[in-house]
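Participant: Residue numbers (the UniProt record's numbering): 1 to 453.
Glycine included, every Cβ here is placed at the ideal spot set by N, Cα and C.
Note that the structure is a prediction, hence the values are computed from the model and not measured.
My questions will all concern the structure given below.
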């Protein structure tokens with residue numbers, strides 16, 4: 001056999017090289033054929049590298065039937081001893097988890113489905129193959145990145161407001177946070193908070209969307225340095241500090257002089273509720289159940305103010321409907337949360353501690369009769385204006401609720417169930433109006449009849 005020439009050797013070497021290049025470009029052109037080969041990033045929950053493009057939050061279980069994850073993982077599990085397991089991402093077998101391990105080491109990330117009997121969720125459990133299990137802490141829930149919530153249908157994420165009470169006084173936890181942090185002071189606000197853009201502004205204060213360590217926050221800044229304005233602002237901060245153990249009040253993040261940080265609500269105040277629910281992306285939530293829950297949350301907030309840890313408080317900054325709506329923010333599940341507490345004076349009828357709100361430029365059909373100047377033919381004199389109590393808030397509730405219910409199918413049915421108690425709210429004698437507690441009980445009764453679980 002004659003010896004191979006240099007050209008022959010080069011040709012033989014070129015064939016596998018061309019085949020390799022062809023295979024490489026073929027795989028690279030279709031990411032589905034090479035999952036896990038490119039663009040890795042570390043997954044802190046699974047303890048391995050994953051491809052963000054091909055690793056969705058919720059796994060399609062139908063893919064298992066199609067062999068999407070391969071048969072090898074199932075076969076390997078047989079090798080584990082009795083009452084033990086080995087996940088696809090684990091090196092060694094471990095005993096089945098019991099109550100203690102589930103409580104201490106399992107993290108709930110988000111809900112996948114919910115029914116009347118059981119719920120399913122995506123979990124994570126870290127394993128250290130050398131040193132044993134890696135403890136994760138108590139069971140916690142983290143929010144999926146979803147746009148809205150319908151509690152009635154259980155389709156979207158649960159709001160974390162009810163969990164805020166777990167934070168000790170003087171601390172906060174935003175929906176995107178796992179642990180509580182102390183309220184931010186001047187140093188943290190100056191060094192760690194970045195203003196993104198202005199949301200609205202007036203002669204007294206301006207509101208911005210800002211970020212702190214990647215978390216969205218509301219940034220309020222007083223621009224008017226008059227003493228009365230500063231006094232109102234400081235009173236707002238003080239009330240927020242004292243009312244943080246409630247899901248009905250916006251969460252305080254921090255403050256510094258004339259700057260206030262709170263939890264950010266992307267929907268804005270309740271004056272936008274009609275616009276929000278009529279948007280195409282939220283239209284499926286524009287139903288009587290959602291709107292009743294919104295109205296219920298408004299009443300619960302009033303009930304909280306009338307029974308707050310700092311006494312019975314009256315909403316003075318509510319001279320007309322639209323102004324009243326700006327005192328509340330809309331949460332992700334379309335609940336209302338108190339956000340403006342700078343003018344909520346304390347009342348105590350038994351101790352004759354009454355108030356007089358500034359109502360000179362009020363909507364006479366919206367405010368309670370006792371808030372109007374009683375002497376028609378005489379010049380207004382504040383010293384002669386009779387004071388009043390929290391029943392002024394009760395008078396306004398039917399009008400606010402009527403707006404929140406809107407004109408969706410079934411809203412008139414709700415109105416008919418609330419007609420009698422709303423009539424009582426409009427009694428010209430404040431003493432004959434029901435308390436917020438009685439109102440709340442009537443609303444709960446109506447809810448159980450109209451929207452049984």
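Does residue 346 come out as helix, strand or coil in the three-state DSSP assignment?
Facilitator: Reduced to three states, the DSSP call for residue 346 is strand.
Participant: State the Cα-Cα distance for the pair residue 358 and residue 102, rounded to the nearest angstrom.
Facilitator: Taking the straight line joining both Cα atoms gives about 56 Å.
Participant: For residue 146 and residue 283, what's the separation of their Cα atoms in angstroms?
Facilitator: Confidence at residue 146 is low in this model, with a pLDDT of 42, below 50, so the placement of that residue should be treated as unreliable; the coordinate-derived value is given next. Distance between the alpha carbons of residue 146 and residue 283 is about 15 Å.
Participant: Who are the near neighbours of residue 182 in its chain, counting only those whose CB is closer than 7 Å to its CB and skipping five residues on each side?
Facilitator: Hits under 7 Å: 170, 171.
Participant: Which one of 298, 235, 197 has the shortest CA to CA distance from residue 439?
Facilitator: When each option's Cα is compared against that of residue 439, the closest is 298.
Participant: Quick check on the burial criterion: 16 or more other C-beta atoms within 10 angstroms. Buried or exposed for residue 195?
Facilitator: Classification for residue 195: exposed.
Participant: Could you have a look at residue 250 and say whether DSSP puts it in helix, strand or coil?
Facilitator: DSSP places residue 250 in coil when its eight states are reduced to three.
Participant: According to DSSP, is residue 183 part of a helix, a strand, or is it coil?
Facilitator: Coil.
Participant: Let me make sure I understand the geometry here. Which of 406, 396, 408 has the alpha-carbon closest to that of residue 421?
Facilitator: Nearest C-alpha to residue 421: 396.
Participant: Apart from the five residues just before and just after residue 69, which ones in its own chain have a Cβ nearer than 6 Å to its Cβ?
Facilitator: Unreliable placement is indicated for residue 69, whose pLDDT of 37 sits below 50; the coordinate value is still reported in the next sentence. None.
Participant: Quick one: residues in its chain with C-beta nearer than 6 Å to the C-beta of residue 467, no 5 flanking neighbours on either side, listed in chain order?
Facilitator: Residue coverage of the chain in this structure runs from 1 to 453, which leaves residue 467 outside it and unanswerable.
Participant: Three-state secondary structure (DSSP) at residue 212?
Facilitator: Here residue 212 sits in strand by DSSP.
Participant: If residue 261 sits next to residue 344, beta carbons under 8 Å apart, how far is it from one beta carbon to the other, in whole angstroms?
Facilitator: Contact doesn't hold; Cβ gap of about 20 Å is too wide.
Participant: Quick one: what does DSSP say residue 257 is sitting in, helix, strand or coil?
Facilitator: Residue state, collapsed to three classes: coil.
Participant: Do you know whose CA, among 229, 286, 84, lies nearest residue 95's CA?
Facilitator: Considering only alpha carbons, the answer is 84.
Participant: Going by the beta-carbon positions, is the gap between residue 339 and residue 327 smaller than 8 Å?
Facilitator: Contact flag set, yes.
Participant: How big is the Cα-Cα spacing for residue 433 and residue 309?
Facilitator: Going from the Cα of residue 433 to the Cα of residue 309 covers about 23 Å.
Participant: Pick from 253, 289, 425: whose alpha carbon is nearest that of residue 408?
Facilitator: Of the candidates 253, 289, 425, the one whose C-alpha sits nearest the C-alpha of residue 408 is 289.
Participant: Can you tell me which of 256, 12, 335, 266 puts its alpha carbon nearest to the alpha carbon of residue 247?
Facilitator: Of the candidates 256, 12, 335, 266, the one whose C-alpha sits nearest the C-alpha of residue 247 is 335.
Participant: For residue 273 and residue 337, I'd like the C-alpha separation in whole angstroms.
Facilitator: Taking the straight line joining both Cα atoms gives about 13 Å.
Participant: Would residue 356 and residue 385 qualify as a contact pair, given that the criterion is a beta-carbon distance under 8 Å?
Facilitator: Yes, the Cβ-Cβ distance between residue 356 and residue 385 is below 8 Å.
Participant: May I have a chain-ordered list of the alpha helix (DSSP H) segments no shorter than 4 residues that lie completely inside the region 214–249?
Facilitator: Runs found: 227–242.
Participant: Do residue 430 and residue 382 have their beta-carbon atoms positioned less than 8 Å apart in this structure?
Facilitator: No, the pair does not count as a contact, with Cβ atoms beyond the cut-off.
Participant: Residue 263 bridges to which residues according to DSSP?
Facilitator: 217.
Participant: Which residues in the same chain as residue 204 place their Cβ atom closer than 8 Å to its Cβ, once the five residues preceding and following it in sequence are excluded?
Facilitator: So the list reads 222, 223, 224, 229, once near-sequence residues are dropped.
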